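Residue numbers (the working numbering): 221 to 635.
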């Protein structure tokens, strides 16, 4: 994954002057805070609505809108309504991601970017330098440390001195009746994110007591294989004594998983298959996709939609209302947008009536709450650690069912 582009000192200084001299748009106010007027807070998003593989996170935008709509219906945040501009589409392209960040700040004059959900975050340095509170899915290193960037479920990319979330290995250990004597194969794309994922999950599964029989980031990240046999043959011979491993874990997106899982099943594999992305009823519309994902255990870092808690009932009601009263199929992208918006709103509410970047940051430093759809939240803990909670669901006979209930696991030191 390309490194985020950095803004030069001269450009940074110019942008600061521009930001300071620009009055808020979208309403009259004496406030000089970008994106904040007497009665509104302007927010935008950056989401991979489209991609070369066909994979889309477009429902992230619907999830965010649903949460902002409820906030506005309840009177806004300290008397200000959220003016949500919707999400810019970065197409999973680093250049477009940076361009979207620049547009939202320089042209649209947003106070915050929430949600930000993509596999690339080239705009991270720019947004942090411009002091734009940004909330998204903390699967990228940029959400782990920079002052103004927040993961809605914390930092999911371990850093030195941080911790490692054990939801996935502990959940699969529960599925397999324990990890003792069990082997696992890990596979990812051949890019920076895939390589880092292999490194971290290798440590996590070993710490949970698994034998890691195979751990490679070898699948081309820019072109999906048409023939998976080379990968499946190696995986199926990687277990003890040349046997198949007890579990195969894919750290890849849906189109890749469909190809890999189909090939594994055609090869006769009977073990546990798992991934972190395929919790989406919309995927079940095609028979081939449904067959490929049948029996797969999907990692969630939020309460499953099958849960019947007050927070989940409220989430479903908010989504239905934002979708025009229709019962749309729920998916994890909706939750990503919803909880990104929720964290931003919760911190902004704590910041009080005098909303500035400084008051927002002060409110974030020491922020905590409990019992949310992602568990207990805390900052600045979320800059180095995930919030440590999750579940596993399994697709069975065309329906998802909870395989491992939503649980919070103690993290382990990352090293």
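Backbone N, C-alpha and C fix where the C-beta goes; we use that ideal spot for every residue, glycine too.
Keep in mind that this is a model prediction, so the values were computed, not measured.
Alpha carbon to alpha carbon, what distance is there between residue j and residue i?
| i | j | result |
| --- | --- | --- |
| residue 372 | residue 454 | 37 Å |
| residue 268 | residue 396 | 35 Å |
| residue 575 | residue 568 | 7 Å |
| residue 420 | residue 476 | 20 Å |
| residue 435 | residue 553 | 27 Å |
| residue 315 | residue 338 | 12 Å |
| residue 402 | residue 391 | 13 Å |
| residue 636 | residue 340 | Here the chain comprises residues numbered 221 to 635, so residue 636 is not present and cannot be evaluated. |
| residue 365 | residue 604 | 7 Å |
| residue 555 | residue 459 | 36 Å |
| residue 318 | residue 273 | 21 Å |
| residue 303 | residue 312 | 25 Å |
| residue 379 | residue 330 | 30 Å |
| residue 297 | residue 345 | 28 Å |
| residue 636 | residue 562 | Since the first and last residues shown for the chain are 221 and 635, residue 636 lies out of range. |
| residue 301 | residue 440 | 45 Å |
| residue 521 | residue 594 | 6 Å |
| residue 591 | residue 332 | 25 Å |
| residue 500 | residue 326 | 35 Å |
| residue 609 | residue 335 | 20 Å |
| residue 249 | residue 417 | Confidence in residue 249 is poor, its pLDDT being 39 and thus under 50, which makes the residue's placement unreliable; the coordinate value appears in the next sentence. Those two C-alpha atoms are separated by around 46 Å. |
| residue 588 | residue 465 | 41 Å |
| residue 376 | residue 496 | 12 Å |
| residue 242 | residue 254 | Because residue 242 carries a pLDDT of 37, less than 50, the predicted location of this residue cannot be relied on, and no value is offered for it. |
| residue 189 | residue 279 | The structure shown does not extend to residue 189, since the chain is modelled only from 221 through 635, so no value can be given for it. |
| residue 446 | residue 621 | 31 Å |
| residue 388 | residue 394 | 10 Å |
| residue 585 | residue 600 | 6 Å |
| residue 428 | residue 400 | 9 Å |
| residue 284 | residue 532 | 15 Å |
According to DSSP, is residue i part of a helix, a strand, or is it coil?
| i | result |
| --- | --- |
| residue 442 | coil |
| residue 283 | helix |
| residue 361 | helix |
| residue 428 | coil |
| residue 243 | Note on residue 243: pLDDT 36, under 50, position unreliable in the model; no value is reported. |
| residue 616 | strand |
| residue 176 | The displayed coordinates of the chain run from 221 to 635. Any statement about residue 176 would go beyond what the structure contains. |
| residue 627 | strand |
| residue 262 | strand |
| residue 422 | helix |
| residue 405 | strand |
| residue 367 | coil |
| residue 597 | strand |
| residue 417 | helix |
| residue 288 | helix |
| residue 589 | strand |
| residue 272 | coil |
| residue 377 | coil |
| residue 325 | helix |
| residue 250 | Confidence is the limiting factor: at residue 250 the pLDDT is only 40, short of 50, which leaves the residue's position unreliable and the question unanswerable from this model. |
Since residue i is in the beta strand (DSSP E), which residue starts that stretch and which ends it?
| i | result |
| --- | --- |
| residue 304 | 301-309 |
| residue 345 | Counting along the chain, residue 345 falls outside any beta strand (DSSP E), though it belongs to the alpha helix (DSSP H) covering 344-349. |
| residue 605 | Looking at the DSSP string, residue 605 is not in any beta strand (DSSP E), and its letter there is neither H nor E. |
| residue 504 | Premise fails: residue 504 is in no beta strand (DSSP E) and is neither H nor E. |
| residue 519 | 517-520 |
| residue 335 | 332-337 |
| residue 354 | 354-356 |
Alpha helix (DSSP H) containing residue i: first to last residue?
| i | result |
| --- | --- |
| residue 314 | 314-322 |
| residue 553 | 552-571 |
| residue 507 | 507-513 |
| residue 395 | 387-395 |
| residue 530 | 530-542 |
| residue 579 | 577-584 |
| said: Which runs of the alpha helix (DSSP H) at least 4 residues long sit entirely within the region 437-493? Give them in chain order. | reply: Taken in chain order, the unbroken stretches of alpha helix (DSSP H) that lie wholly in the region 437-493 and span 4 residues or more are 449-456, 474-486.
| message | Using a Cβ distance threshold of 8 Å, determine whether the region 408-426 contacts the region 511-527, with at least three qualifying pairs required. | response | Judged by Cβ distances under 8 Å, the region 408-426 makes no contact with the region 511-527, as fewer than three pairs qualify.
| query | Given 8 Å as the limit, is there contact between the region 534-549 and the region 580-587, that is, 3 or more CB pairs closer than that? | reply | Taking a cut-off of 8 Å on C-beta distances, the region 534-549 does not touch the region 580-587, as fewer than three cross pairs fall below it.
| said: Could you check whether the region 534-543 touches the region 617-628, counting it as contact only if at least three pairs of C-beta atoms, one from each stretch, sit closer than 8 Å? | reply: A contact between stretches requires three or more CB pairs, one per stretch, nearer than 8 Å, and the region 534-543 fails this requirement with the region 617-628.
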